[in-house]
Ligand SMILES: Cc1cc2nc3c(=O)[nH]c(=O)nc-3n(C[C@H](O)[C@H](O)[C@H](O)COP(=O)(O)OP(=O)(O)OC[C@H]3O[C@@H](n4cnc5c(N)ncnc54)[C@H](O)[C@@H]3O)c2cc1C
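Numbering (the working numbering), first residue to last: 18 to 450.
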């Protein structure tokens with residue numbers, strides 16, 4: 018008999034949601050976290066979309082450790098001297114059932130893990146899983162940890178150990194590592210008084226702002242973000258690894274460049290750096306997904322590369338919570354039917370396919386490549402901002418040239434071929450349409 022029914026490795030959003038589901042299903046579940054407490058080692062940009070939690074924690078918004086509710090969502094396209102912003106506001110997003118929220122990961126992850134413990138899961142912190150155990154048939158049968166008496170056996174192991182999952186690799190569930198599939202996310206947390214943040218970002222109370230930026234990463238392909246917390250703001254970049262390695266500027270220099278931009282400097286001025294953090298993001302979407310299940314093992318969250326970074330969105334926590342939840346359900350089902358082989362665990366893939374987790378990834382399969390392409394990154398921001406500049410400029414005594422003429426002239430000046438514009442437009446429509 019195994020020591021427990023399920024071992025969940027990693028108490029991030031994926032691991033805690035898996036553990037909640039399993040504990041509530043009456044399974045003996047152990048949640049192992051290498052940090053001193055859940056969330057202590059975790060970083061992200063700062064916006065979480067917790068809608069999926071409706072299924073686990075009804076009215077989660079009454080208790081979740083939220084900083085601000087995102088009621089203002091902007092997408093900014095910039096060059097060194099210009100910026101064009103689409104700025105959306107909805108007061109409905111500042112009231113139940115809400116949409117997105119800013120939250121600190123040490124608070125949010127610890128809160129989710131508390132729910133797992135309240136449901137009956139055993140949480141073991143400051144413990145690193147160093148390998149997998151296998152039975153005589155080669156099925157995963159438990160884990161080895163860095164504790165002296167560190168072996169623990171289980172019917173199923175759910176690897177929620179984050180990006181670059183060591184356990185998934187050990188089990189041979191990933192292909193070759195390809196740096197092009199990853200971006201490096203870097204972030205500064207800047208302290209500013211709440212009233213200053215409210216004034217600069219045009220919000221009140223617990224309303225908050227999410228700004229996604231393109232064209233702000235110099236020669237490196239990627240994107241930027243600014244999110245408001247109550248009395249800090251998060252300013253960061255995601256940077257495509259091969260492009261980052263191929264040039265000389267360090268990530269912190271690129272953030273400094275963003276903070277000095279005329280459209281950003283007035284927002285961040287005087288902010289005292291409280292924290293600098295960096296982390297990899299599995300950014301290539303469906304094309305980099307590993308095999309999601311093996312005999313006795315499931316992968317969820319970033320360990321399964323289920324992060325959606327498609328320009329308009331940077332979502333990972335919601336995909337982690339959902340995939341963790343579905344992994345927990347599938348493991349409970351497999352244990353009930355006494356078949357924890359790949360076939361017995363097939364309910365996991367079925368659930369992912371039937372929901373936004375894989376539907377969104379399939380629909381947006383072309384998006385990561387398109388958004389991180391050289392044209393979108395380096396030519397289109399110049400094109401879009403120059404068209405806007407000429408449209409808004411009053412050039413009397415010259416008469417207005419008309420939008421079609423401006424677009425045609427700027428396209429030629431920037432050096433975008435009509436064929437490429439049509440091709441990218443179609444790819445964009447197919448992805449986002
Ligand atoms: C810069 C940046 C910005 C981002 N912005 C956003 C955003 O705004 N919104 C959003 O939704 N997503 C964002 N993401 C993505 C998001 O952070 C991830 O998709 C999400 O954290 C994945 O959750 P997870 O539970 O799968 O993994 P993680 O959150 O990485 O958790 C993994 C856990 O496993 C533990 N662990 C790892 N190895 C072991 C081991 N061997 N033994 C024991 N424990 C182990 C870790 O300590 C950690 O607690 C961002 C990511 C980055 C890097």
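For every residue, glycine included, the Cβ atom is placed at its ideal position computed from N, Cα and C. Note that this is a predicted model, so its numbers are computed, not measured.
Bridge partners for residue i per DSSP, in chain order?
i: residue 101; result: 94
i: residue 171; result: 21
i: residue 38; result: Answer is none; residue 38 lacks a bridge partner.
i: residue 356; result: None; residue 356 has no bridge partner.
i: residue 118; result: 65 and 86
i: residue 281; result: In the DSSP output, where bridge partners are listed per residue, residue 281 has none listed.
i: residue 231; result: 94
May I ask whether a heavy atom of ligand 1 can be found less than 6 Å away from the beta carbon of residue i?
i: residue 296; result: yes
i: residue 76; result: no
i: residue 52; result: yes
i: residue 177; result: yes
i: residue 329; result: no
i: residue 349; result: no
i: residue 28; result: yes
i: residue 142; result: no
i: residue 62; result: yes
i: residue 337; result: yes
i: residue 1; result: The question about residue 1 has no answer, for the chain in this structure spans 18 to 450.
i: residue 59; result: yes
i: residue 5; result: A question about residue 5 goes unanswered here, because the residues of the chain that appear run from 18 up to 450.
i: residue 171; result: no
i: residue 49; result: yes
i: residue 324; result: yes
i: residue 9; result: Lying before the first or after the last residue shown, residue 9 is absent from the chain, which here runs from 18 to 450.
i: residue 235; result: no
i: residue 31; result: yes
i: residue 319; result: yes
Count the other CB atoms, across all protein chains shown, that sit within 10 Å of the CB of residue i; report buried if there are 16 or more and exposed otherwise.
i: residue 238; result: buried
i: residue 368; result: buried
i: residue 18; result: exposed
i: residue 264; result: exposed
i: residue 411; result: exposed
i: residue 443; result: exposed
i: residue 163; result: exposed
i: residue 319; result: buried
i: residue 169; result: buried
i: residue 67; result: buried
i: residue 154; result: exposed
i: residue 417; result: exposed
i: residue 422; result: exposed
i: residue 125; result: buried
Compare the beta carbon distance of residue i and residue j with 7 Å and say whether it is the shorter of the two.
i: residue 120; j: residue 84; result: yes
i: residue 21; j: residue 58; result: no
i: residue 175; j: residue 321; result: no
i: residue 288; j: residue 190; result: no
i: residue 172; j: residue 352; result: yes
i: residue 188; j: residue 311; result: yes
i: residue 177; j: residue 25; result: yes
i: residue 115; j: residue 78; result: yes
i: residue 101; j: residue 402; result: yes
i: residue 340; j: residue 31; result: yes
i: residue 48; j: residue 23; result: no
i: residue 225; j: residue 393; result: no
i: residue 92; j: residue 216; result: no
i: residue 117; j: residue 64; result: yes
i: residue 316; j: residue 138; result: no
i: residue 136; j: residue 54; result: no
i: residue 389; j: residue 257; result: yes
i: residue 13; j: residue 94; result: Shown here, the chain extends from 18 to 450; a query on residue 13 therefore has no answer.
Quick check: is any heavy atom of ligand 2 less than 6 Å from the C-beta of residue i?
i: residue 333; result: As for ligand 2, it is missing from this structure, which binds only ligand 1.
Which residue wins for smallest C-alpha separation from residue i, given the options the options?
i: residue 384; options: 303, 233, 176 and 52; result: 303
i: residue 51; options: 109, 94 and 161; result: 161
i: residue 205; options: 142, 242, 331 and 166; result: 242
i: residue 98; options: 235, 327 and 444; result: 235
i: residue 103; options: 421, 213, 405 and 269; result: 405
i: residue 90; options: 100, 110, 79 and 81; result: 110
i: residue 449; options: 79, 108 and 387; result: 387
i: residue 166; options: 151, 185 and 146; result: 146
i: residue 108; options: 222, 122 and 43; result: 222
i: residue 307; options: 366, 269, 112 and 297; result: 366
i: residue 334; options: 374, 314, 355 and 185; result: 374
i: residue 248; options: 254, 270, 291 and 276; result: 291
i: residue 197; options: 301, 325, 82 and 434; result: 301
i: residue 105; options: 220, 81 and 136; result: 220
i: residue 391; options: 379, 363, 346 and 437; result: 437
i: residue 271; options: 112, 447, 283 and 253; result: 253
i: residue 129; options: 112, 82, 148 and 250; result: 82
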